[in-house]
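As you go down the protein sequences, you meet chains A and B in turn.
Under this note's numbering, the first residue of the first sequence carries the number 1, and numbering increases by one thereafter.
Under this note's numbering, the first residue of the second sequence carries the number 1001, and numbering increases by one thereafter.
A quick write-up on the structure given underneath.
2 protein chains.
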Amino acid sequence: MRLSKRTEYGLRAIVQLARLGPREFVQSRDLAKQENIPAKFLEAILLALRRGGFLESKVGSGGGYRLTRPPRDISLGDLIRRLEGRLTVRQSTSTTNLSPGEIAVHLVNDKLTEAMDDVLDNMNLEQLLDHVNRAASSQQEMYYI
Amino acid sequence: MRLSKRTEYGLRAIVQLARLGPREFVQSRDLAKQENIPAKFLEAILLALRRGGFLESKVGSGGGYRLTRPPRDISLGDLIRRLEGRLTVRQSTSTTNLSPGEIAVHLVNDKLTEAMDDVLDNMNLEQLLDHVNRAASSQQEMYYI
DNA sequence: CCAATTTCTATAAAAACACTAGGAATTCCT
DNA sequence: AGGAATTCCTAGTGTTTTTATAGAAATTGG
């Protein structure tokens, strides 16, 4: 299991935005530079995040993006499902006349989906930032020991 | 999250093999027909399962495939990781000098991987078959109610 | 009016996935 | 011995998904 580049970039961008605080608008180009993400690709991703209600934007000179609400109120589940484009409705393959193998596949798929949703739905952006800070500072300590 | 066709087909085939018991060799072509899977594709998948130690084969007339061990001893984790080809080693991107965003991505990736492994490593083929049988029989009941 | 920015549409390039072709090797059966 | 059935193996092909890129319209601030 690996997140797509799209999701990875989106996550990295929103983490930056969350760290910089909700005051200022940050430009797509700057985010791209800071995180070393292809600029045009990031543009499209930020747009999707805006449409998803995670970001608000301001067009024109001095414009950019910022969070619509505090990190605590942004669920990783909502965020990542939006980024992965996994609105891929549960296959509506009629649940009748399935072979045993097909039933098994369904079962496994459901279990996996549930497990992932569990992880993501129980973590918000604030908690993720806390983890990151802790990880980063423990990385710092390494140098002093 | 969705399993690849390769994994889906492999799972369906091994479920069939497990149901038919460990006695007889079953031919690839028959499995393909029963589960409606492209024959040549399935061949390659079964071969991989043999190399992974899940199946043993007999070449030539009257040949085919069968499980190497009882379903109880086949972990879904081992099986599916083999099928997904997800030996995709944990990225060895040096864990130094990561941006906060990159750390966040790592964290999420690890959590998700762990959650999926948890599900899969705690289920064996026998348990999966039980689930399937229960699901199938409750599906049957539907017709009588 | 001009520069900076988001927004939008269209397309291209690359990678992953889902197969297919064809023949070699092995085994069984008569 | 010979032919039919089967796995084994290598290589290739087509399609879909992912990862971008190009370029111009719309909006805003100065």
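From the three backbone atoms N, C-alpha and C, an ideal C-beta is built for every residue, glycine too.
Keep in mind that this is a model prediction, so the values were computed, not measured.
Under 8 angstroms Cβ to Cβ from residue i, same chain only, skipping five residues before and after it: list those, please.
i                       : result
residue 45 of chain A   : 6, 9, 10, 13 and 83
residue 1068 of chain B : 1053, 1054, 1055 and 1056
residue 63 of chain A   : 25, 27 and 57
residue 1050 of chain B : 1056, 1057 and 1065
residue 85 of chain A   : 6
residue 137 of chain A  : none
How would you list, in chain order, the residues of chain A whose beta-carbon sits under 7 angstroms from the beta-carbon of residue i?
i                       : result
residue 1026 of chain B : Correct list: empty, because the minimum Cβ distance to chain A is about 13 angstroms.
residue 1008 of chain B : 105
Check whether the Cβ atoms of residue i and residue j lie closer than 9 angstroms to each other.
i                       : j                       : result
residue 22 of chain A   : residue 1133 of chain B : no
residue 108 of chain A  : residue 1003 of chain B : yes
residue 1031 of chain B : residue 1017 of chain B : yes
residue 1015 of chain B : residue 112 of chain A  : no
residue 1131 of chain B : residue 104 of chain A  : yes
residue 956 of chain B  : residue 102 of chain A  : Here chain B comprises residues numbered 1001 to 1145, so residue 956 of chain B is not present and cannot be evaluated.
Which residues in chain B sit within 7 angstroms of residue i, going by Cβ to Cβ distance?
i                     : result
residue 35 of chain A : 1099 and 1101
Taking 7 angstroms as the limit between beta carbons, can you name the residues of its chain near residue i, skipping five residues before and five after?
i                       : result
residue 121 of chain A  : 75 and 77
residue 1020 of chain B : 1026
residue 1029 of chain B : 1039
In chain A, which residues lie with their C-beta within 8 angstroms of the C-beta of residue i?
i                       : result
residue 1019 of chain B : 100
residue 1011 of chain B : 101, 104, 105 and 108
residue 1055 of chain B : Near residue 1055 of chain B there are no residues of chain A at all, since even the closest Cβ is about 15 angstroms away, more than 8 angstroms.
Using a C-beta to C-beta distance shorter than 9 angstroms, which residues of chain B count as neighbours of residue i?
i                      : result
residue 58 of chain A  : Near residue 58 of chain A there are no residues of chain B at all, since even the closest Cβ is about 22 angstroms away, more than 9 angstroms.
residue 118 of chain A : 1115
residue 16 of chain A  : 1099, 1100 and 1101
residue 83 of chain A  : Here the premise fails: no neighbours, minimum Cβ distance about 11 angstroms.
Cβ closer than 8 angstroms: which chain B residues qualify as neighbours of residue i?
i                      : result
residue 76 of chain A  : 1108
residue 128 of chain A : 1104, 1107 and 1108
To which residues of the same chain is residue i closer than 6 angstroms at the C-beta, ignoring the five residues directly before and after it?
i                      : result
residue 37 of chain A  : 9
residue 179 of chain A : The shown model of chain A, from 1 to 145, leaves out residue 179 of chain A, and the question about it has no answer.
Which chain A residues are close to residue i, counting only those with a beta carbon under 9 angstroms from its beta carbon?
i                       : result
residue 1136 of chain B : 98, 100 and 103
At least three beta-carbon pairs within less than 8 angstroms, the stretch 1108 to 1128 of chain B to the stretch 1069 to 1077 of chain B: Contact holds: three or more Cβ-Cβ distances are below 8 angstroms.
Give the list of continuous alpha helix (DSSP H) stretches no shorter than 4 residues that lie fully inside the stretch 81 to 140 of chain A. If you keep only unbroken alpha helix (DSSP H) runs of at least 4 residues inside the stretch 81 to 140 of chain A, you get 100 to 121.
Can you give, in chain order, each stretch of the alpha helix (DSSP H) that sits fully within the stretch 29 to 79 of chain A and has at least 4 residues? The DSSP assignment places 39 to 51 as complete runs of the alpha helix (DSSP H) inside the stretch 29 to 79 of chain A, in order along the chain (cut-off: 4 residues).
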